[in-house]
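All remarks here apply to the structure that follows.
There are 2 protein chains.
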Amino acid sequence: MPKENAHSKTDTHLTMRVVDHFSAMIEDGRLHPGDQIPPERDLARSLKMSRASLRAGIGYLAAMGVMNVRHGVGTFVADGPPELGKASISLMGALHGFQPWQMFEARKILEGQLAALAAERGTEAHFTALAEELAEMYATINDPAEYLIHDVRFHRMIAKAAGNPILAALMETVTSALYDDRRKTAERSRGLKQSADLHKELYRAMRAKNSAEAQALMEHHLSMAQSAQDREIAAVPRRRVSGKSKSSRTANTSR
Amino acid sequence: MPKENAHSKTDTHLTMRVVDHFSAMIEDGRLHPGDQIPPERDLARSLKMSRASLRAGIGYLAAMGVMNVRHGVGTFVADGPPELGKASISLMGALHGFQPWQMFEARKILEGQLAALAAERGTEAHFTALAEELAEMYATINDPAEYLIHDVRFHRMIAKAAGNPILAALMETVTSALYDDRRKTAERSRGLKQSADLHKELYRAMRAKNSAEAQALMEHHLSMAQSAQDREIAAVPRRRVSGKSKSSRTANTSR
DNA sequence: TGACTTTTTGTGGTCTGACCACTAGAGTAC
DNA sequence: GTACTCTAGTGGTCAGACCACAAAAAGTCA
Chain A
1 MPKENAHSKT DTHLTMRVVD HFSAMIEDGR LHPGDQIPPE RDLARSLKMS RASLRAGIGY
61 LAAMGVMNVR HGVGTFVADG PPELGKASIS LMGALHGFQP WQMFEARKIL EGQLAALAAE
121 RGTEAHFTAL AEELAEMYAT INDPAEYLIH DVRFHRMIAK AAGNPILAAL METVTSALYD
181 DRRKTAERSR GLKQSADLHK ELYRAMRAKN SAEAQALMEH HLSMAQSAQD REIAAVPRRR
241 VSGKSKSSRT ANTSR
Chain B
256 MPKENAHSKT DTHLTMRVVD HFSAMIEDGR LHPGDQIPPE RDLARSLKMS RASLRAGIGY
316 LAAMGVMNVR HGVGTFVADG PPELGKASIS LMGALHGFQP WQMFEARKIL EGQLAALAAE
376 RGTEAHFTAL AEELAEMYAT INDPAEYLIH DVRFHRMIAK AAGNPILAAL METVTSALYD
436 DRRKTAERSR GLKQSADLHK ELYRAMRAKN SAEAQALMEH HLSMAQSAQD REIAAVPRRR
496 VSGKSKSSRT ANTSR
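Going line by line, the protein sequences match chains A and B. First residue of the first sequence? That's 1 in the working numbering, and the numbers climb one at a time after it. First residue of the second sequence? That's 256 in the working numbering, and the numbers climb one at a time after it.
As structure tokens, this is what we get:
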């Protein structure tokens with residue numbers, strides 16, 4: 001396996017030369033989040049390669065979430081919240097057979113711990129922000145789509161309050177795979193009341209700096225969510241895939 | 256804000272059309288890990304786009320670790336162990352200022368939980384494999400480079416025994432950021448004896464299905480490793496860095 | 001003056017088709 | 001058999017042109 005290691009000088013692939021170039025600039029502090037890089041035409045000339053090759057490298061960085069390319073505007077160093085692996089989890093699920101219960105298990109561990117840490121380390125500002133999202137959740141209890149937005153923000157704020165951006169990024173990675181499905185599946189309103197109440201308890205536990213309770217409540221909350229989803233799946237059976245087409249080594253991609 | 260997402264039919268970017276195309280094929284089961292996709296020239300014709308655009312999409316998938324491109328041979332669907340985000344964490348560290356202690360905190364949580372799960376779910380085959388790696392560790396106790404290989408395998412086997420590939424992939428993501436540095440820093444031999452003994456205790460706890468003890472031992476082990484790294488940093492002061500940018504490329508000595 | 005519309009400018013996105021570089025296997029000589 | 005050479009197939013790079021989009025500038029009209 002070509003375990004490409006960072007910062008090889010004689011890297012043959014031009015793509016990797018570009019990646020290394022920008023990696024070095026970022027790690028050296030010559031590039032910061034939000035910075036715009038020069039136009040592709042100029043950059044290609046100064047790096048002595050064709051624009052096509054340069055674009056391959058930029059595309060690679062963009063896929064990793066390090067760069068942010070905006071058509072007609074420019075290319076920027078990513079500045080938003082850290083995102084690891086992006087959509088890869090959903091693909092990885094298909095590739096390696098991730099099971100829904102495994103996702104929830106991972107979430108329980110990560111978010112449970114995050115809630116505990118937030119209880120210990122959260123500041124007044126964090127708790128205030130949590131309270132505001134909580135209020136919004138109650139206010140939009142009859143609008144599942146809107147509710148979901150504040151629900152997500154609430155969880156994200158907990159991650160922020162926990163003070164560990166790495167754990168927050170990992171949570172984001174796992175969660176994002178489930179987000180799309182949830183967005184499409186408008187939840188029943190009656191479920192939202194119960195959900196909001198649970199969040200309120202969670203909020204109180206964190207504000208009281210009771211980390212053990214916060215963790216337990218979070219895990220309980222996610223268990224409920226898991227049950228809800230299981231029921232959803234049972235109600236709307238998923239399409240089944242035809243058997244193992246192990247046929248030829250070369251897959252036919254055209255329809 | 257533009258949370259671009261999956262499976263848009265009218266996606267303007269050709270790059271994303273390619274990504275969606277293969278994502279769909281993978282999720283439908285028409286493509287499996289290890290499968291080879293058709294040559295770029297044929298594929299470009301059948302997808303009705305230029306080879307350049309097709310390559311952009313393939314490059315994107317390759318960056319996400321979904322595809323595996325081999326010059327002169329062909330392009331394949333990834334079949335190795337799941338890897339989320341690849342090298343992104345080290346870059347993210349530079350971008351968002353990840354601190355070493357945050358990495359260890361994340362590791363403690365993930366690997367601690369993994370050890371507990373392994374104790375509960377591990378099979379005889381798993382424990383046997385662990386015992387073999389343990390033996391290799393004692394055998395190579397005077398060869399830090401070789402020792403490290405078995406050390407990593409030991410931890411990886413724990414992750415496998417835990418039976419949750421998502422958590423395993425997350426651990427891999429966090430750990431890989433530290434691996435390169437560790438490889439360069441030859442450890443002290445006397446530290447390895449202590450490390451091996453700790454792994455042995457850990458092994459025994461797991462085999463005895465004592466999940467609580469396994470988790471505690473793993474966390475203790477990682478705490479020791481963290482202390483060792485802190486000493487390493489203190490002994491070899493880093494080059495000064497300006498402002499907020501701080502290199503995450505530091506040595507990790509003990510495990 | 002002020003607000004709206006049109007044009008210009010600068011950026012990334014795509015196309016074409018040619019040629020280079022690598023790999024693996026077939027063919028050949030010994 | 002072994003080692004070498006050749007060849008076909010694949011991804012990698014190049015060049016230059018043109019398209020599409022977004023923001024800013026210029027023009028237009030009340």
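All C-beta atoms in this analysis are idealised placements derived from N, C-alpha and C, irrespective of residue type, glycine included.
Problem set entry | Close-in-space but distant-in-sequence residues of the same chain around Leu385(B) (CB under 6 Å, 5 per side omitted) | Met412 and Tyr458
For this session: Could you run through the region 353-378 of chain B and flag, in chain order, every residue whose CB is less than 7 Å away from some CB of chain A?
Result: Phe353, Gln357, Met358, Glu360, Ala361, Ile364 and Gln368
Exercise. What is the rounded straight-line gap between the Cα of Phe382(B) and the Cα of Asp28(A)?
Worked result: 44 Å
Exercise. Can you tell me whether DSSP reads Asp20(A) as helix, strand or coil?
Worked result: Three-state DSSP puts Asp20(A) in a helix.
For this session: Count the CB pairs spanning the region 324-333 of chain B and the region 362-375 of chain B that are closer than 8 Å, and state whether there are at least three.
Result: no
For this session: Evaluate contact between the region 50-70 of chain A and the region 288-299 of chain B, counting only Cβ atoms and requiring at least three cross-stretch pairs below 8 Å.
Result: Not touching, per the Cβ criterion.
Problem set entry | Whether Ala423(B) touches Ala417(B) by CB criterion (8 Å) | yes
Problem set entry | Buried/exposed call for Asn397(B), threshold 16 Cβ in 10 Å | Counting C-beta atoms within 10 angstroms of its own C-beta, Asn397(B) has fewer than 16 neighbours from the protein chains shown and is therefore classed as exposed.
Exercise. So who's on the other strand from Gly329(B), going by DSSP bridges?
Worked result: Its beta-bridge partners are Arg325(B).
Problem set entry | Rounded straight-line distance, which links the Cα of Ser305(B) to that of Met271(B) | 14 Å
For this session: List the endpoints of the continuous alpha helix (DSSP H) containing Lys108(A).
Result: Pro100 to Arg121
Exercise. How about Ile158(A): is its C-beta nearer than 8 Å to some C-beta of chain B?
Worked result: no
Problem set entry | Limits of the alpha helix (DSSP H) - the one that Asp297(B) falls within | Glu295 to Ser301
For this session: Could you spell out where the alpha helix (DSSP H) holding Gly34(A) opens and where it closes?
Result: Segment: none, Gly34(A) is in no alpha helix (DSSP H) and carries neither H nor E.
Exercise. Is it the case that the Cβ atoms of Leu134(A) and Met171(A) are separated by a distance below 8 Å?
Worked result: Going by C-beta atoms, Leu134(A) is not nearer than 8 Å to Met171(A).
Exercise. Using the rule of at least 16 other Cβ atoms within 10 Å of the residue's Cβ for burial, across every protein chain shown, is Arg107(A) buried or exposed?
Worked result: buried
For this session: Reducing DSSP to helix, strand and coil, say where Met25(A) ends up.
Result: helix
For this session: Could you confirm whether any beta carbon from chain B is found closer than 8 Å to the beta carbon of Tyr60(A)?
Result: yes
Exercise. Can you find a C-beta in chain A that's less than 8 Å from the C-beta of Pro399(B)?
Worked result: no
Problem set entry | Nearest neighbour of Ala483(B), chosen from His454(B), Leu447(B), Glu468(B) and Arg285(B) [CA to CA] | Leu447(B)
Problem set entry | Simplified DSSP state of Ser431(B), which is helix, strand or coil | helix
Exercise. Between Gly314(B) and Tyr60(A), which are expected to be in contact by the criterion C-beta below 8 Å, what is the C-beta distance as a whole number of angstroms?
Worked result: With 8 Å as the limit, Gly314(B) and Tyr60(A) qualify as a contact, their Cβ atoms being about 6 Å apart.
Exercise. What residues from the region 266-287 of chain B come within 9 Å of chain A, judged by C-beta to C-beta, listed N to C?
Worked result: Thr267, His268, Thr270, Val274, His276, Phe277, Ser278, Met280, Ile281, Glu282, Asp283, Gly284, Arg285, Leu286 and His287
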